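Participant: Structure below; questions to follow.
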Amino acid sequence: MTTNPLSVALFAAAQAMGFLLLAPLLRGLIKKMKAAFQLRQGPRFSQPYSDLRKLLRKEPVRSTTASWVFVAGPRVYFASAVVATTLVPAVLASAPLERAGGILLLVGLLALGRFALATAALDTGSPFGGMGASREMTVGALAEPALILALFTAGLSAGTLNLGELVRRTAERGTSIHPSDLLAAAALFIVLLAEAGRVPVDNPATHLELTMIHEAMVLEYSGADLALVEWASAVKELLFMTLLAGLFLPVGVATSVTPEALAISSLALLAKIFGLALLVVLVESTNAKLRFFRVPELMAVALGLGFLALAMRFF
Amino acid sequence: MSEESLLPLGLALHATGVALALVLRRQPAACRWVAFVASLCGSLTSFALGASVLASGRPVRGVLFANTAAGLSVGYTVDPLSAWFLVTLAVLAAPLALYSVGYLAHAIPPGRTAFVGMAWNVLLLSVEMVFAADGVLGFLVAWELMSLATAALVATDHESRPSRRSAYLFLVMSHLGTGCLVAGFFLLAQAGGSLAFADLLGGSASPGALRGLVFVLFLVGFGVKAGMVPLHIWLPEAHPAAPSNVSALMSGGLINAGLYGLVRVGAGGLGRPDPHWGMAVLLLGSVSAVLGVLYALGETDLKRLLAFSTIENGGIALMAFGAGMMGLAAGHPGTAALGVVAGLYHVLNHAAFKGLLFLGAGGVVASTGTRRIEELGGLVHRMPRTAGLFLLGSAAIAGLPLLNGFASEWLVFQALLRGFFSAERLTRIVLPLGGALLALTSALAAACFVKAFALTFLARPRSRAAAEARESPALLLVPQAFLALACVGLGLFPGLVVRVLGGVAAALPGIGPKPALAGGLAGVSVGVPAFDQLSPFVLVPAALVALGLAAAIGFMTARERRRAPTWGCGGELTAEAEYTATAFAKPLVTVFRDIYRPTREVSTVETAPYFASEVRYRSQIGAPFERLVYEPAARAVLAAAGRLRIIQAGSLHAYLAYVLVLGVMLLWWLGGLP
Amino acid sequence: MIHDFVILCAAGMLVSLYLMVGQKALVVAIRLYGVQSLLLGVVGVALGLAEQRTHLLVTAALTIVLKALVIPWFLLRVIDRVGIRREIEPYVNVPASLLLCLGLTVVGYRVSLGMAGASQGVAHQVVGVALSMVLIGLFLMVTRRKAITQIIALLTVENAVFLVAMGATSGMPLVVELGISFDVILAVLVLGVLVHRIVDRFESMDTSRLSNLRG
Amino acid sequence: MNLLLATLAAPLATAGLGALPGPRRPKEIVLVSGLAATLALAVATAGRFLAGETPVAFEGALRVDALSALVLVLTAFVGLLAGLYSVGYLERNERAGFVSAKRRTELLALVPAYLAAMLLVAVSNNLGILWIAVEATTLASVFLVAFHNRDTSLEAAWKFLVLGSVGLAFALLGTVLLFASGQGVLGEEMSALDWTHLLAHASALHPFTVKLAVVFLLIGYGTKAGLAPMHTWKPDAYREAPSPAGVLMAVGMMNCSVYAILRVHLVSKAALGPEFSERLLLGLGLASVLVATPFILIQWNLKRLLAYSSIEHVGIMAIGFGLGGEAATLGALLHMTYHTFAKPVAFFSAGTLAQLHRSSDFEEIGGGTLGRTPVASGLLLLATLMVTGSPPFGLFWSEMTILKAGFFGPHLAVVAVFLAALVVLFCGFFYQVGRLTLGPDTKPADRAVLPERLDLAMGTTLVAAVFAVVSAFYLPDSLVALIRAAVRVVEGS
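Protein chains in written order, with my numbering: chain A, 4 to 318; chain B, -11 to 662; chain C, 96 to 310; chain D, 39 to 531.
Take a look at the structure:
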């Protein structure tokens, strides 16, 4: 695709903006659908936007114990999520900054965000922060291999680890549903649940100290700091869904920059993400949250799926 | 100044350091400066040599000394591979020398300054010689000297039992290794009769059982130094016991000696390797990596934690080499080159960030007097610069993007995956398994170093010493800053490093030119057609913009900020309530309990029924290898020796009986002869 | 016929050694040693006369004077001084010892057969006797506790060597012969001196007590 | 006067003068100057040989070829060191208030006498003379072993003498048999027992008898050399003998016994071909190395530790000769040379430690000597590096030469075991010396320690150390030439 720095920059900015603006909507959507499942009215779609606005207005209260690390944490987390969005192909069958790197770089960026936030969470000396950080890193440590294996399956079957290239090739090849793809997709989906802090791994709605992971980690944050964290998390969730959609059912992805192609692929993307959101909602409302020490088993399942996918594909 | 004279010059500088340290042993301050400035110059010289060889690609040869009586002469050859390791060593040793000047001042009793200075220079001299030796005997001399000097340095504080013990353990293990090397080299030379590496490791060894045996001997001999599980047991003991500057050198510089040897013999040195060799190295590497990081995670002693992570990183390099060897065995020089490049890159990176971390830890230990993470905390306020540098080191070693750890681990992944298309069934299972384990390793490493940094530097101090810590002096900080810079630079421009390393790999026997990876300022690209590429600095503007955005959001929206004590569920929150390192690692320790085999004991003191006034919790992580392999072996040997005592029971009659029996036996044998 | 005579004497020496093994009285042992040395001397004389070797005669005379007379006398004085007369129970009891000695004799002869081709006809039988004497003498040193007994046993070993020298060779060169004899005498003296010191120190000649240095 | 005879006469005269009663100083001066003269004469003799002539005396009964010259020089060198050290040793003892004048006379007389006997061994060209000389060394040294006149020293002396005599009896038998094997070939005059003569007629000797003779000679002289299983006297004798005598036994006597064994080996090779005696030497050598290993691991006494180390080293030499061939022989002779340079350092530093602590048992010395007697302990550590064959010191080179030759040769199994034993020995030796010198000061409270001074003994140790270190990097060309020539003698080329 294009290599002209300016257009690349614009493309990247546009995609990042897109993610930033749409991510809260996804959260709202999921909330709404969950409510619908529970035969409740539920908040408006736009509720997350209002929440963000509220948080951004509030004055951030910071612990007297905390240091600059506490402040840096959310910002690095946010930045890493935003940069990550420029590495995945969304509407177009190419990622804005795909020259920078592929699957591994993406995973690395997500790890960076986790690292930053977990470190910052330990800065206040609050036991909850520690607990959250510890648990977040535990889950992450187990989720990352699964994620990598799932992505490798896709990458190796296409013969490239570069996401843009990967989507292009799969798009050319058309969707061939190989069993290994299904397994990999399943693994990726489980990782998505973990990374997005969804039931059964975590419960974004709870504030009961002993069960929470992500929420415990950010317990000490408030105001704009908290807003950044929440926003970034939403972006991450959307990012994962886009990734899933792009890698495993590249239907209607725009391989050329023409209005109709773009229109089609945007619609297709929205549809896919809606489907995934529905899936998440289904899982969330039909499952109970797992005991924390059962989570590793779930991750092991994901890891197993990923490995199996790879083996099936290449053995 | 000609290239040939550079190595002798460097060694001579170290030797002068030894001599001057001996002369000035009565004035510690002067002694420090002289010894370590000499070592600094020596390192710079060897850096210059290495750099020029890497630039030109032409090996440099020369003779060092000859023992006329035995008719042995010791020469040296610095080919690109040696040059790479020399450069790696220098990158670490140069800042270390500076650091040592400041560090030794208040880390060791002045009476031992001269000793440390001398041993230090001997050590560097011998390691440089290990990398440069061009023949078996020179190599063995250097290898032995290296072990002895290291043991001496570990035993610097010989009054304390641990350092004595670990020095001895190190000596024993490295001697086992040396024994294997001697056997291996001479068996290898048996065919040709020449002891020159050019003949031995030129890839001319003919396949066969003997070659297999030789490789196993080398694997053990070099594996000991590389800290390869299960030969690693000395490492977590010896590295922490030594003064921190020595620990840094051992972790960042000495294990490289083992890795160097393995590359020499593995990457075509013994001819095209058997497929099993590469697989063995890969698997041993994976095991080392995972176990290393797991034990590091479970560790609450800062320096031991770093030592275990050294085992991990050695393992990662081994994985890369293993993948390379498998590629070589399968007849894919491209993959082989990729593996070697990845491994060598990681070696350099490890030298940079592990050095940085050990120096930081050294500063902490020097100013707080404790290595136990549980007794630290809150140092970010007292030692902000150290904290910042340590954080950067942690991020680098955790393999986070834009830093060097990520770049090399990225290459290791590539090596593992490239082997994929070209390999037969078994390999196709082993390689992705390796990939999964590598992913697990780096994820665990992230967890481990979140703990290492956050619980050491953040929150409230958990001990008086930590509360009264003060920032290290500039002499300690500048070297760390340099290494931090190296971490960033190596992370941002992998392409340049890879271009250099491509030359190194191409110079190896059996690999030859045409490695399947291209590198340049733009970055690295692997495989044709483009399999994957990495150019981190493309990401830099994006990252800056995003950070700016985040900062702006935070900055513009909030009018004023408020400071308040951390919420303590209504109560006053004290340092005791903080999450400890043990607690932080607990979930993962529980998840991997089958590996850790932790022993815990919980004792409750109850003042009244159901009212515990205090609860004590101890948790110990088992050391399976020591318990199951080494201790029984040692016991068996000593028991056997004890039983043999009977030979010399003091009875003259018995002694005469020996002679009689020998005589009778020999006569009987003679009578049987025709 | 002279050869038969030599072999007869040699056999006699062996017999005397067996007798030594068979009993415990120190005095008898010393006397037996004297007899043994005398037989050795006789061998020397016989061979010397038969083959007209004057220096063999000299050696023989030397042997008789020193070993049959002087050394026994010296040893007897030592045990008088020390006042110990009997060998206490040896490590191996007498019957067993005799059996083992038979075995050692077999070993000695078995080896000596290999020399059958050597220049002189008599050689290998003499050597057979001598080798068995050497082994038995050493065996005696192993099994007996008293210092004196050990010295005697050592001396019988020396006798065996001389037997070979006379029987299997036509006698060693005289200078060597003299030097060796001189050294043997010195050795005996030194041994005697040590025995004195030991007895003074330990009030006993039982060398099995000298076992404090172990490991 | 014949230079060779002078070389032998000098120490004898010194011994005679030393035996005379008289004030201390002059006798010490006589001793040292006498031994210095001996060394000078020995070197001169060797020089004569290098110049191309072969010094002889008593119509060839004494003869100096390369091997003799090498042993001669090395032994004389050790003799001088021992002489210097014994003077310092006596001074110290007087400081501590031991050692009567009588004892002093004994030492001053016996040391040179012992040396004289050893030199005679080194230059004897005649089996008979050789035997007599070896017997003489035994008689001279037995009183050195008994020097301290403790119960234990008597015990050690007794064992030393009895075992030695048995060995000598065997050696004598071997000599006689060797003579017998050449009936009608060698003739009957004195020269019949000369090496040169024997080698000349080797092919005509009766093979089986030679085999028999070689067996007895190897056992006999092996006893003096301390090859297992005849080594048992060594630890006792070394522990009891005063350090100067100890070093004479451990180096001088060992070299001479090895010399004797080599002569036998040569005859055997000439008469039977190499395999026979090489196999025996290999077996005995390996046995010695293996026997030394466990006792070094469990050792309780510093001097016994050194004894076992010397058993190990003689074993290494035997293995070297047993492996046969140019390279291995060179390695073995180098080993002898470097061992001669390294061992005195070990003995002297250990002796100093023992003397200052009035005991050589580890318990009674107590750990952490590096704090109490830094110089001696440092030298002991240095010596440990040397005798364990650590680079860059000489024994490393010789051991490598032997190992290389071994791995190139047919006896792979033997060499592998040998290598393993070397590794274990290194670890054991360092364990013992480490626990002695390093660590906190754990001296038994009730023992007083003499202060460490730079006295003559310490000076000697330092000089020896300098020699040892320098020798690793530089051997004078003449010495190298001597070694090479000796290799040619052994290899018969």
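The C-beta atom is built at its ideal place from N, Cα and C for all residues, glycine as well. This one's a predicted model, so the numbers in the text were calculated from it and none came from an experiment.
Evaluate contact between the stretch 273 to 285 of chain A and the stretch 245 to 253 of chain A, counting only Cβ atoms and requiring at least three cross-stretch pairs below 8 Å.
Facilitator: With a cut-off of 8 Å, the stretch 245 to 253 of chain A and the stretch 273 to 285 of chain A count as touching, because enough Cβ pairs lie within range.
Participant: Looking at the secondary structure, which residues open and close the alpha helix (DSSP H) in which L79(D) lies?
Facilitator: Numbered from 1 along the fourth sequence, position 41 holds the residue referred to as residue 79(D). Run containing L79(D): 62 to 88, per the alpha helix (DSSP H) assignment.
Participant: So T595(B) is in the beta strand (DSSP E); what residue range does that whole segment cover?
Facilitator: The residue you call residue 595(B) lines up with position 607 of the second sequence. Its beta strand (DSSP E) spans residues 587 to 596.
Participant: For the 8 Å Cβ check, are there 3 or more pairs between the stretch 298 to 305 of chain A and the stretch 180 to 193 of chain A?
Facilitator: The answer is yes - the stretch 180 to 193 of chain A touches the stretch 298 to 305 of chain A, with three or more Cβ pairs under 8 Å.
Participant: So, with DSSP's three-state summary, where would you put E602(B)?
Facilitator: As a working note, residue 602(B) is residue 614 in the second sequence. It is a strand residue.
Participant: Whose Cβ in chain B lies nearer than 7 Å to the Cβ of M3(A)?
Facilitator: Limits of chain A in this structure are 4 at one end and 318 at the other, which puts residue 3(A) out of reach.
Participant: Can you name the residues that DSSP bridges to F53(B)?
Facilitator: For the purposes of this step, residue 53(B) is taken as residue 65 along the second sequence, with counting starting at 1. V62(B), per the DSSP bridge assignment.
Participant: Using CA coordinates, which residue listed in Q521(B), R623(B), L446(B), A628(B) is at the minimum distance from V74(A)?
Facilitator: Translated into positions along the first sequence, residue 74(A) becomes position 71. Among Q521(B), R623(B), L446(B), A628(B), the Cα nearest to that of V74(A) belongs to L446(B).
Participant: Short check: CB of L125(A) to CB of F572(B), under 9 Å?
Facilitator: Against the first sequence, residue 125(A) aligns to sequence position 122. Against the second sequence, residue 572(B) aligns to sequence position 584. Result yes, Cβ atoms of L125(A) and F572(B) sit closer than 9 Å.
Participant: Please list, in chain order, all residues of the same chain as G284(D) whose beta carbon is under 6 Å from its beta carbon, the five residues on each side excluded.
Facilitator: Residue 284(D) sits at position 246 when you count from the first residue of the fourth sequence. Cβ neighbours of G284(D) beyond the five flanking positions: Y276, F385.
Participant: Pull out every residue of the stretch 233 to 261 of chain C whose Cβ sits closer than 9 Å to any Cβ of chain B, in chain order.
Facilitator: Listed in sequence order: L233, F234, M236, V237, T238, R239, R240, Q245.
Participant: Give me, in chain order, the residues of the same chain whose beta-carbon lies closer than 6 Å to that of M236(C); leave out the 5 immediate sequence neighbours on both sides.
Facilitator: Numbered from its first residue, the third sequence carries residue 236(C) at position 141. Cβ neighbours of M236(C) beyond the five flanking positions: Q245, A248.
Participant: On the criterion of 16 or more Cβ atoms from any shown chain inside 10 Å, does G311(D) qualify as buried, or is it exposed?
Facilitator: The residue labelled residue 311(D) in the question sits at position 273 within the fourth sequence. Exposed: under 16 other Cβ atoms inside 10 Å.
Participant: Taking 9 Å as the cut-off, decide whether the C-beta atoms of F155(A) and P389(B) are in contact.
Facilitator: Against the first sequence, residue 155(A) aligns to sequence position 152. Against the second sequence, residue 389(B) aligns to sequence position 401. Not closer than 9 Å, so no.
Participant: Apart from the five residues just before and just after M36(A), which ones in its own chain have a Cβ nearer than 6 Å to its Cβ?
Facilitator: Counting from one through the first sequence, the residue named residue 36(A) turns up at place 33. Answer for M36(A): V284, listed in chain order.
Participant: With D520(B) as the anchor, note down where its beta strand (DSSP E) starts and where it stops.
Facilitator: Here residue 520(B) is taken as the residue at index 532 of the second sequence, counted from 1. Where D520(B) is concerned, the enclosing beta strand (DSSP E) stretches over 520 to 522.
Participant: Which value, in whole angstroms, describes the spacing of the CA atoms of V305(D) and L640(B)?
Facilitator: Position 267 of the fourth sequence, counted from the first residue, corresponds to residue 305(D). Position 652 of the second sequence, counted from the first residue, corresponds to residue 640(B). Approximately 32 Å between the Cα atoms of the pair.
Participant: Thinking S124(B) and L183(B) are a contact (beta carbons under 8 Å), I'd like their distance in whole angstroms, please.
Facilitator: The residue given as residue 124(B) occupies position 136 in the second sequence. The residue given as residue 183(B) occupies position 195 in the second sequence. Reading off the sequence shown, one finds Val at residue 124(B), where the question assumed Ser. Right, the Cβ-Cβ distance comes to about 4 Å (below 8 Å), so this counts as a contact.
Participant: Does the beta carbon of G266(C) come closer than 9 Å to any beta carbon on chain D?
Facilitator: Residue mapping note: residue 266(C) aligns to position 171 of the third sequence, counting from 1. With 9 Å as the cut-off, G266(C) counts as an interface residue toward chain D.
Participant: Let me see if you follow: with CB-CB separation under 9 Å, is V72(A) close to chain B or not?
Facilitator: Taking the first residue of the first sequence as position 1, residue 72(A) is located at position 69. True, the Cβ-Cβ gap to chain B drops below 9 Å.
Participant: Which value, in whole angstroms, describes the spacing of the CA atoms of L344(B) and G128(A)?
Facilitator: Position 356 of the second sequence, counted from the first residue, corresponds to residue 344(B). Position 125 of the first sequence, counted from the first residue, corresponds to residue 128(A). Computed Cα separation, rounded: 26 Å.
Participant: Nearest chain B C-beta to W169(D) closer than 9 Å, yes or no?
Facilitator: The residue labelled residue 169(D) in the question sits at position 131 within the fourth sequence. No, no contact with chain B.
Participant: Please report the residue range of the beta strand (DSSP E) in which V6(B) lies.
Facilitator: On the second sequence, residue 6(B) is found 18 positions in, with the first residue counted as 1. Where V6(B) is concerned, there is no enclosing beta strand (DSSP E), although the alpha helix (DSSP H) it sits in stretches over -6 to 11.
Participant: First and last residue of the alpha helix (DSSP H) that includes L474(D)?
Facilitator: Numbered from its first residue, the fourth sequence carries residue 474(D) at position 436. From DSSP, the alpha helix (DSSP H) with L474(D) extends over 450 to 475.
Participant: So the alpha helix (DSSP H) L273(C) belongs to, where does it begin and stop?
Facilitator: The residue you call residue 273(C) lines up with position 178 of the third sequence. Note, L273(C): alpha helix (DSSP H), 269 to 297.
Participant: Got a sec: which bits of the stretch 152 to 179 of chain B sit with their beta carbon under 7 Å from any beta carbon on chain D, in order along the chain?
Facilitator: Against chain D - using a Cβ distance shorter than 7 Å - the residues of the stretch 152 to 179 of chain B are R152, Y156, L159, V160, H163, L164, G167, V170, A171, F174, L175, Q178.
Participant: With a 10 Å radius around its C-beta and 16 neighbouring C-beta atoms as the bar for buried, classify M544(B) as buried or exposed.
Facilitator: Residue mapping note: residue 544(B) aligns to position 556 of the second sequence, counting from 1. Burial call: exposed.
Participant: By Cβ distance below 6 Å, which residues in the same chain neighbour H220(B) in space, the five residues on each side in sequence not counted?
Facilitator: Locating residue 220(B) in the second sequence gives position 232, where the first residue counts as 1. I299.
Participant: Who are the neighbours of A121(A) on chain B, taking C-beta pairs under 7 Å?
Facilitator: The residue labelled residue 121(A) in the question sits at position 118 within the first sequence. Within 7 Å Cβ-Cβ: V438.
Participant: Tell me which residue opens and which closes the beta strand (DSSP E) that R550(B) is part of.
Facilitator: Counting from one through the second sequence, the residue named residue 550(B) turns up at place 562. Run containing R550(B): 550 to 552, per the beta strand (DSSP E) assignment.
Participant: Measure the CB-CB distance between R308(C) and T190(D) and report whether it falls below 9 Å.
Facilitator: Within the third sequence, the letter at position 213 stands for residue 308(C). Within the fourth sequence, the letter at position 152 stands for residue 190(D). The amino acid occupying residue 308(C) in the given sequence is Leu; Arg does not appear at that position. Yes, they are a contact pair.
Participant: For D616(D), would you say it is in contact with chain C, using Cβ-to-Cβ distances shorter than 9 Å as the test?
Facilitator: Chain D is shown only over 39 to 531; residue 616(D) falls outside these bounds and no answer can be derived.
Participant: Go ahead and pull the three-state DSSP assignment for L673(B).
Facilitator: It is not possible to answer for residue 673(B), since the shown part of chain B is limited to -11 through 662.
Participant: Using a C-beta to C-beta distance shorter than 8 Å, which residues of chain B count as neighbours of S306(C)?
Facilitator: Taking the first residue of the third sequence as 1, we reach residue 306(C) at position 211. Residues of chain B passing the Cβ test: A637, G638, S639, L640.
Participant: Is A340(B) near L478(B), with beta carbons less than 9 Å apart?
Facilitator: Within the second sequence, numbered from 1, the residue matching residue 340(B) stands at position 352. Within the second sequence, numbered from 1, the residue matching residue 478(B) stands at position 490. Cβ distance < 9 Å, so A340(B) and L478(B) count as in contact.
Participant: Between G360(D), M496(D), G472(D), V527(D), which lies nearest to R149(B) when the distance is taken from Cα to Cα?
Facilitator: Numbered from its first residue, the second sequence carries residue 149(B) at position 161. Residue G472(D) is the option with its Cα nearest to R149(B).
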